Amino acid sequence: MKPLSFRFLGPPQVVFQGQTLAFPTRKTLALLVYLVAESIPHQRDKLAALLWPESDQEAGRAALRNTLARLRNSFKEQTGLDLTGLSVSRDSLQFQPQAETEADLQDLRQAFNLLANRATSASPATFELLQEVTKMYRGDFLEGFFLGDAPDYEQWVSYQRESWHHRAVPVFERLSAWQSERGELNAALDTATHWATFDSLNEAAYQQLIRLHLALGHREAALQAYEACRKMLETEFKSPPAPATQALLAQVRTAPAPRPKTATATAPGPDWTSRIPLLGRAAEHSRLVEQFNRVFQGKTGQAVIVGEAGIGKTRLAQEFTRFAQAQGADVLAGQAFETGGRLPYQPLLTALRHRLEIENAPDDLLADLWLTELSRLLPELHERYPDLPPPANLGEAEARGILFEAVARLLQALAARKPLLLLIDDLQWADSATLDLLHYLSRRLTEQKAPALLLLTTRSEALATDPALAEWLGGLERENNLLKVSLTPLSPADTGQLVGQLLDPPPSGLQTGNGPAPDHAEFTRWLYRETGGQPFFLLETLKALVERKALVPAEDSSKKPVLKLAEKVWDEEIHPVRLVAPGVREVIRARLGRLSGDAFGLLAAGAVLDHAFSFEQLCGVAGLDENTGLNALDQLLKHSLLKEGSALQAGPLNHPANPVEAYFFSHDKIRDVAYTEAGDARRRVFHRRALRLFEASGAAWASLAHHAEWGGLPVEALKMHLKAGDNALRLYAVRDALGHYRQALALWHRQTETANLENPLAPEEVQQLFTQLGRGYELNNQESEATATYEELLDYGLKERQPKIECVALNRLATLEIHTTFNIGKARSLLQRALVLAGSGEDLELLAETEWNLGHLALYQLENEDGRLHGNNALTLARRIGKPDLIARSLNVLSYHEAGSAFCEAASAHGSEAGLLYALLGDKAMETDSLNVVAEAQFKLGRLEQALETLQKTRRISEEISNEWGLVVNAMWRGMVFRDQGKYGEALEQAETGVTRSHEMQQHLLMTFTALALGHVQRNLLNFEAALAAHTEALAILEQEEFQAVLFSLKYSVFDALCADYAALGDWEKALEYARKAISPADEDLFLFAGLTRWCNVEALLRGGETGLAQEVFRRFKERTEATRRYQYIILRCLAVLARAENKPRQALDYLLEAEKIVEEFALAGEGWLLDLAIAGTAPACGNPAEATARREQAARKTGLIASGLPEKARLLFTGRVNQLLNSGPGA
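Numbering-wise (our numbering), the sequence shown opens with residue 88 and increments by one.
Dropping the structure here:
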C-alpha cells in the first residue's frame, strides 16, 4: 500500500498512511478531486469559472488562489509534507501522479482497458488487479458529494459518475465469472452482491446472483434475488424479466429444497467448517471449466481428477458441479463406496434413480422399448408405468448391449435438452460392470456428439496398485481425449490464506502489512510443517486443535463463524506439537479417543454399515436405545465425524425402503480408522447384527453376503454369495458375478475340506454353483477357467454318484470344445457319453438338452441329416415336457438343418413356429434369427415377396435391439432376394452393407457368408473379377487354422461359387478344378446359396471329360431338390447342359423354355435375361436364328431396365459387358 491514496469511487477520501485527511472547505476538496481526476494542465480562468461561476474573473482567480493555498497548507499540516505532484504556474494548474501515490480511478481505468481486449485472460496479475479494484469501489464517483453553487462542476461530476460506473460494470462481471470458474463461489457471490448493490438496475447482475446462490445451494436466496429483480424491472421499466432470467427461475424451482436440520444434526457453537474455502485449486477448476465450455459448443468431454486420498478431489468436483449447474447444466452424480457388498452399477444407479425421480415424464425421454430395458436396473419404473412390458428375454451379450444402449439413449435425451454433466466420484471403488457401462457411455456419447461431460475422480494410489483401473483410464484417454487433472498438496501461501480466512483477525496493532500477525504467521508455518499442505490432514488437525481448545470457535464483527487462537496457545500445556502426533491416522485416532464409549460404538456401527445409514440402523447395530443413541450421535456430528445427507446421495441403501435422511462419514479415512479401532470381536458382532437387520428388510444379496462373511458365518455367506452372483448375472455384470461365485466356491472348499464339517450344499446347489461359475467364465472369455470348473463338477458327480450332474458337466464341456478349441470329435464324444447317461435316467429335460446340443453340434459341420435326427428328437422330448424355451431352440436348430438340405417347406414352418415362441418368450434376438431362416426358406422356394416381408420384420426388430448379427444376415438375404428380382442396384447395396458390417464386427463366419452373397451379386452384374475376389476372400477365411475342424464344410459352398465364377470368365480348366472340389461327401453342398448355379458345375465336368461324374453330381442334386419348384429351374438348366453335351440341341431348347415358365412363375427377373441369352445361344443349333435374335433383343430390353437402377460405376461396367455378350452372340 502506497503512503498517499486518492479514493474517489464512493464518498471522496484522501488517505495518508492509513489516516483520512480533512480539508477546510468543500471547494478545497472539489479542486483536488478535479485536478487528480483530470491530470492535465488546467487554465486558472477555466477553473475559477468552473468552481465560482457567479464571480467575475478577478474575484474568481482570487478565490482560486485562496483555495489552492488552503489545500497546500492543510495537506502539509496533516502530513508534514508538500503535496508532491502538484505543478503550479501563473496561468495553470496540474496534478501528475507520483510513484508514492495511488488512485482508485487510475486502477479502474487500467482494469477496464485490459478487459476491453477480448483476448485478456485471467492471469494472476490481471486477476489481482480486478480484485483490488472491486475492493476499492465503495460506490459511484463522489457519492454524496455536492457543490450547490457550481452547476458546471456538478454536470462534470454527473458525467464522471456515469463514465466510471460504465467502466466498473465489466470489471465486476468478469471478476465474478472468473472467480466462479476458479471454483471460488463464495468470493464470486461477494463480488456479484457488491455489483448488484451499486448497479441495481442491471438485470445481468441479478442473473449472476441467482446463478451463484443456486450453485451454493442457497435456494431461498436465489428466489429472493429473482423477486428483487422482478420488482426492479416492473417499477423502473414496466417490463417482465428477460427469458434468460426466467429460465434461471425454472432452474431454481426444480433444484432440491434444502433439508431442514434435525435436532440431532445441530452442534452447539459457530460452525467454522462452513467457511473453509476452496483454495489452491483455481487452475484445476479453470481447466475443468474449459472442458465444460466444449460441452456448451455441442461436444462431448471426459475428465478425471486424480490425487491421493484426502487431497480434495471430491471438494473440487462438488464445487465444479455447482458451477456447471449454475450455468444451466443438468447434473447427474453418483459415488462408489468401499464395501465388500458391491452392487452392480451402484454409482450409476444413484445418478439415474435420482434424476428420473424428479423427471415429470420419463416416457417423453425414451420409447417404451428403452424404458423397459432400463427397468432391469430400476424396477420402480414398473410401478410408475404398470403397462410397461417386461424386458426381452435375450442372450447375455445382446441383452447387455441393449441395456447399455438404453442408458446411453437416456443420457442423450437429457443432453438434447441442456448440457449434461455426469459425475462419478471415487471411481477406484466402482464395480467392473460400472466401468464397462461408463466406457460404453463415453464412446456412444462421443459418437453422437452429445453435449455432455463425464467427470470422474479417483485415487492416484489406486492407479498404482490396480493395473486394470489404470488400463481402463488409459483406454478412455486414448479413445476420447481424456482431460487428466492431477491434484497436489496446498502450498505454504495457500495454507496461510486458509488460516487468514478461518482465524479471527488479531488486533490492528498486531497487523503487519498484508500478512498475518506474528502468532498467525508462526501458527501457519507450524500447520504447514505438520500437514505438508494435505487438505484432509490439515482440516483434521484444526478439528483436533478445536477439541483441545487450542483453537476456539467464535464470531467475528460481522457475526461470521471464525476460530481464535487461545491466548496461551504456545504455552507448554496446549502447545500444538504436544496435541497432535505426526500422521493423519494418528490424528484421527486421537480424535476418536476423546469420544464416549457409546459414541465410539455408534461410530463403529457406521463403519460396519459403510455408508448411507439411518439413525435406527446405527442404534440397531450398536445395540443402543434411542435416547443413548441420540446423545452419541450429537457427539459425532459435533466433532464432524459424521455428516447428514439424503439417502439419494448414495442410491440404494442396504434395504429397499430408503429413509429420507441418512448419515455418512465426513471422509473415508475416518471410516477406515474407526473400523480398524473397533477390534475383531466388535466387528464380528456388529456385522451379524447388520445381517439380521438387513435380512428382515430385504437387502441386496451382495450386502448380506458381505455381512455374513465378516460376521463369521461362512455357510450363510456361501449361499448369499451364490444368490448375489445370480443377481449380478441377471444384470449382465459378469465380472461382479464371478467375484461372488469364486468367493462362494472358496467358502465351499473351506467347509468341505475341514474335518467333521458336513457339505453345506445339496447336490443340486453344488451343480448350480459350478455351472453358474463356469457360465460366468464363458461370458468373460475365460475358457480355460470354465473348462477347469466343469471338469471339477464332473469329478464331483462321479465321486458322489450323481449321473445327472455328470451329464450336465459333459454337456457344458462339449459346448466349450465347440466354441473354443473347435475339437468337434471330442465334443461329439462328450455328448455321446452324456446321451448315454441322460438316456439311462428319468430326466427328460436333460435328455432333450443333450439331443439339442448334438443337433447344434451338427450345424458346425453342416451334417444336416444327423442334425435333423437330433433336432427332431429334442423337439419331441421338449413338447412332451412342455418347456417353451427348449421347444423354441429345437425348432430353430431343426429349421437350420432343413433349410440347408432343401426341406424348405418344413424349414419355413418350423422357423415360423420358433419365431412365434421366441416372441412370446421376449427373446427378440432369437426371434429374428428364426425368421431369417424362414426368409432363407422362402427365397429357396421362390416366394420372393414373402421373403422381403419377413426380412422387413427382422430388420425392424434387429434395429430396435441393436442386433448387429441379425442386421448382417438380414442384409445378406435381402441382397440375394433383390438379385433374383433383378433389382441389382438394391442387391449390390445390401450385399456391400452386409460385408461392411461383418468386417466391423470382425465376425469371421459372417464375413464368409456376406462375401459369398456379394460374389453372387457381382457375378450377375457381370463384374466377374469382383465376384472372384469376394469368393477367394471367403475361402481364405475358411482356410485359417481355427476353422480347420469346424465350419470348414462351408468350403463346398465356396467351391461351388468359384466354379461358377471361372465358368463365367471362360476359364473352364479352373472351373473344372472347383467343380471337383465342390462335390461333398454328404449333403453339405446345399447350404446357403450353394447349388444356385449347379449347371456350371455340370458343364465344367462335361468339358473336362468327366461325363459320369457330371451325371452323378446332377443325379444327387435332383434327388434332394426336385420336390421344390424353384429348384426345378436349376434342374432344367442342368438338363439343358447335359442335352447339349449329347448333341441334342432341340431337347436342350425345350428344357430352357420349360425353365422360362418357372422364371415367369416366380418373377425371377434376375435370371430372366440370362436365360434369354442361353436360349439365344441354343436356338441357332435348332435351325431358328430368328429366335436367337429376338431373345437377344429381349435380353437387351431387360438389362436396360436393370441398368437404370445401378450406380454409375456398376452401370458402365454392366452395360459394357452386356453389349459384348449381345454382340458376340454366345449363350450364358
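The C-beta atom is built at its ideal place from N, Cα and C for all residues, glycine as well.
These figures come from a predicted structure and were not determined experimentally.
Look up residue i in the DSSP assignment and say whether it is helix, strand or coil.
i      : result
Phe752 : strand
His698 : coil
Glu125 : coil
Glu406 : helix
Ala448 : coil
Leu365 : coil
Pro648 : strand
Gln185 : coil
Ile511 : strand
Asp191 : helix
Gln535 : coil
Tyr801 : The question names Tyr, yet the displayed sequence has Pro at residue 801. Three-state DSSP puts Pro801 in a helix.
Glu642 : strand
Gly388 : strand
Would you check if the distance between the CB atom of residue i and the CB atom of residue j is smaller than 9 Å?
i       : j       : result
Ala198  : Thr213  : yes
His997  : Asn1019 : no
Pro538  : Leu507  : yes
Ala1242 : Leu1219 : yes
Tyr293  : Ala283  : yes
Phe857  : Ala896  : yes
Lys1011 : Ile968  : no
Leu717  : Phe702  : yes
Val572  : Leu366  : no
Leu439  : Leu419  : yes
Leu1240 : Gly1029 : no
Glu893  : Leu903  : no
Phe379  : Leu540  : yes
His726  : Glu634  : yes
Assuming residue i and residue j are in contact, meaning their beta carbons sit under 8 Å apart, how far apart are those beta carbons, in whole angstroms?
i       : j       : result
Ala1165 : Tyr1139 : 6 Å
Arg463  : Leu490  : 6 Å
Leu1075 : Leu1108 : 7 Å
Leu900  : Leu917  : 5 Å
Look at the alpha carbon of residue i and the alpha carbon of residue j, and state the distance between them as a whole number of angstroms.
i       : j       : result
Leu1225 : Gly987  : 26 Å
Leu1179 : Ala1006 : 32 Å
Ala479  : Glu485  : 10 Å
Glu660  : Gly399  : Residue placement at Glu660 is flagged as unreliable, the pLDDT there being 48, under the threshold of 50; a coordinate-derived value is accordingly withheld.
Ser1017 : Glu1046 : 16 Å
Glu377  : Ser326  : 35 Å
Arg1278 : Val1246 : 15 Å
Asn898  : Arg829  : 22 Å
Arg1106 : Ala1290 : 14 Å
Ala1024 : Ser995  : 6 Å
Leu822  : Ala493  : First, the residue type needs correcting, since residue 822 is Arg and not Leu in the sequence shown. Each residue's Cα considered, the two are about 21 Å apart.
Arg1213 : Leu1145 : 22 Å
By the 10 Å Cβ neighbour count, where 16 or more other Cβ atoms means buried, how is residue i classified, buried or exposed?
i       : result
Phe773  : buried
Glu1032 : exposed
Ile445  : exposed
Pro1232 : buried
Gly954  : buried
Ile127  : exposed
Lys222  : exposed
Tyr121  : buried
Gln414  : buried
Gln859  : buried
Gly1270 : exposed
Glu271  : buried
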